Amino acid sequence: MFTDLQTIPGTADNGSLLIAGPCSAESRDQVMATARRLAAAGVRVFRAGVWKPRTRPGGFEGVGLPALQWLADVKAETGMITATEVATRDHLEAAVDAGVDIVWIGARTSANPFAVQEIADAIASTSEQPAVLVKNPVSPDLELWIGALQRIYDAGVRRLGAIHRGFSTYGESKYRNPPHWSIPIELRRRLAGLPVICDPSHITGHADMVASVARQAIDMGFDGLIIESHIEPCRALSDSAQQITPDQLKALMADLAPRRGCVDSPTLDDLRRRIDEIDDELLEVVARRMSIAREIGAYKRLNGMAVIQPDRYNTLMSRRITAGTDIGLSENFMRQLLAALHEESVRHQIEDGKNDREITE
Ligand code: PEP
Ligand code: MN
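Residue numbers (the numbering used here): 39 to 399.
In structure tokens:
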């Protein structure tokens with residue numbers, strides 16, 4: 039269905055695509071200074087957001103059209119090709135007119151089939167077709183992601199790829215957007231040949247974590263990376279916490295390069311990383327369960343109820359054991375798992391009660 043990664047402009051001869059640049063184009067100086075340093079570090083594709091979809095009004099929404107000229111200046115001066123996000127027909131037309139080589143559809147836009155179709159129609163009627171990358175929608179919905187890719191493909195785009203930027207979450211997580219690696223892995227299985235790159239900046243939300251997730255993505259066989267880099271991250275007008283400096287990016291690239299060929303068993307490595315990821319997710323889910331257990335503990339204390347309620351425990355056990363055996367887990371395993379979970383929940387309820395008493399005493 040798809041042509042290969044090499045058709046995406048900026049792909050290196052070793053078959054990987056690296057896009058880097060600031061979250062947002064803020065001023066000509068910031069754009070040019072960042073671009074010069076990135077070009078010197080060997081980056082070939084420069085990204086910068088021109089129009090920024092902000093979660094709430096009042097945030098920095100991008101400078102709009104004037105920034106397209108800065109991207110043209112980057113291209114003219116450094117020879118890097120350019121990439122930006124488009125969310126409407128007008129954005130697409132303006133970006134193409136300004137000579138932007140790669141456009142991407144952001145996570146909020148790819149979640150909206152009307153918006154994606156509008157962009158697809160606009161692409162179909164342009165004479166100079168850009169390469170297009172489609173970010174996953176904010177929700178962990180593979181079908182919606184595939185649907186967005188399909189709309190762009192149906193518009194005649196063959197220089198097409200996907201960006202995995204993680205998924206919104208509710209509750210505590212060490213990631214800004216947890217990766218749920220099984221989803222991009224399934225995307226690659228379903229759309230064989232589709233280039234898929236990873237966005238560790240939006241997955242982690244934290245500059246310190248970018249390198250390790252970038253490493254993980256490359257080890258898992260992603261076709262490249264898109265990384266936010268700002269000349270002075272602490273002064274960035276958007277996504278300040280997750281941007282790295284061009285020097286940090288250079289170090290990250292150097293670290294990735296020699297290790298690329300060292301994985302002697304990519305399949306096993308890939309499987310192990312998936313297991314690690316699932317274990318991380320399991321632990322986060324267990325932590326969420328314990329935090330609810332503590333709330334239940336507080337409720338019971340307030341209402342003079344005992345921590346252990348045998349009826350509730352017995353119903354819970356038999357219902358969960360059936361649910362577990364129905365999906366192929368052994369009864370013995372289910373009993374041990376539920377007993378351990380219950381014991382730990384009780385411990386949290388009791389410990390929390392002790393803390394409360396210590397605070398009030
Ligand atoms: C971005 O790349 O700056 C951006 C807004 O990303 P996302 O659509 O993944 O949130
Ligand atoms: Mn950003």
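In this text, a Cβ means the ideal position worked out from N, Cα and C, and glycines have one as well.
As the structure is a prediction and not an experimental result, all values here were calculated from the model.
Is it buried or exposed for residue 165, if we count other Cβ within 10 angstroms and need 16 for buried?
Residue burial annotation: residue 165 is exposed, with fewer than 16 other C-beta atoms found within 10 angstroms of its C-beta.
Can you tell me which of the three DSSP states residue 99 falls into?
coil
Distance, Cα to Cα, residue 140 vs residue 66?
If I take the Cα positions, the gap works out to 20 Å.
Could you tell me which whole beta strand (DSSP E) segments of length 3 or greater appear in the segment 207-293?
234-236 and 262-266
State buried or exposed for residue 281, treating a residue as buried only when at least 16 other CB atoms are found within 10 Å of its CB.
buried
Please indicate yes or no: does the CB of residue 194 lie closer than 8 Å to some heavy atom of the ligand MN?
no
So, helix, strand or coil for residue 386, using DSSP?
helix
Note down the Cα distance separating residue 125 from residue 368, rounded to an integer number of angstroms.
49 Å
Which of the three DSSP states is assigned to residue 437 in this structure?
Any property of residue 437 remains undetermined from this structure, which presents the chain solely from 39 to 399.
Quick one, are the C-beta atoms of residue 253 and residue 294 less than 9 Å apart?
yes
Kindly provide the chain-ordered list of residues whose Cβ lies closer than 5 Å to any non-hydrogen atom of the ligand MN.
61 and 277
So, for residue 136: in the same chain, excluding its five sequence neighbours on each side, which residues have a beta-carbon less than 8 Å away from its beta-carbon?
106, 107, 109 and 110
Which term fits residue 381, buried or exposed, when burial requires 16 or more other beta carbons within 10 angstroms of its beta carbon?
exposed
Touching or not, the segment 87-105 and the segment 40-57, by the rule of three or more beta carbon pairs under 8 Å?
no
Looking at residue 357 and the ligand PEP, is the gap between the Cβ and the nearest heavy atom below 8 Å?
no
Given this structure, state the Cα-to-Cα distance separating residue 181 from residue 150, to the nearest angstrom.
Linking residue 181 to residue 150 through their CA atoms gives a straight-line distance of about 12 Å.
Taking the alpha-carbon positions, what's the residue 251 to residue 242 distance?
8 Å
Roughly how many whole angstroms lie between the Cα atoms of residue 73 and residue 171?
21 Å
Given a threshold of 16 other Cβ atoms within 10 Å of its Cβ, counted over all protein chains shown, does residue 399 qualify as buried or as exposed?
Residue confidence is low: residue 399 scores 49 on pLDDT, short of 50, so the model does not pin down where it sits. No coordinate-derived value is stated.
According to DSSP, simplified to helix, strand and coil, what is residue 302?
Low per-residue confidence applies at residue 302: pLDDT is 47, beneath 50, and the placement is therefore not dependable, though the value from the model is reported in the following sentence. Coil, per DSSP.
Leaving aside the five residues before and after residue 383 along the sequence, list all residues of the same chain whose C-beta is less than 6 Å from its C-beta, in chain order.
331
Cβ of residue 265 within 9 Å of Cβ of residue 285?
For residue 265 and residue 285, no; Cβs fall outside 9 Å.
For residue 147, count the other beta carbons within 10 Å of its own beta carbon; 16 or more makes it buried, fewer makes it exposed. Which is it?
buried
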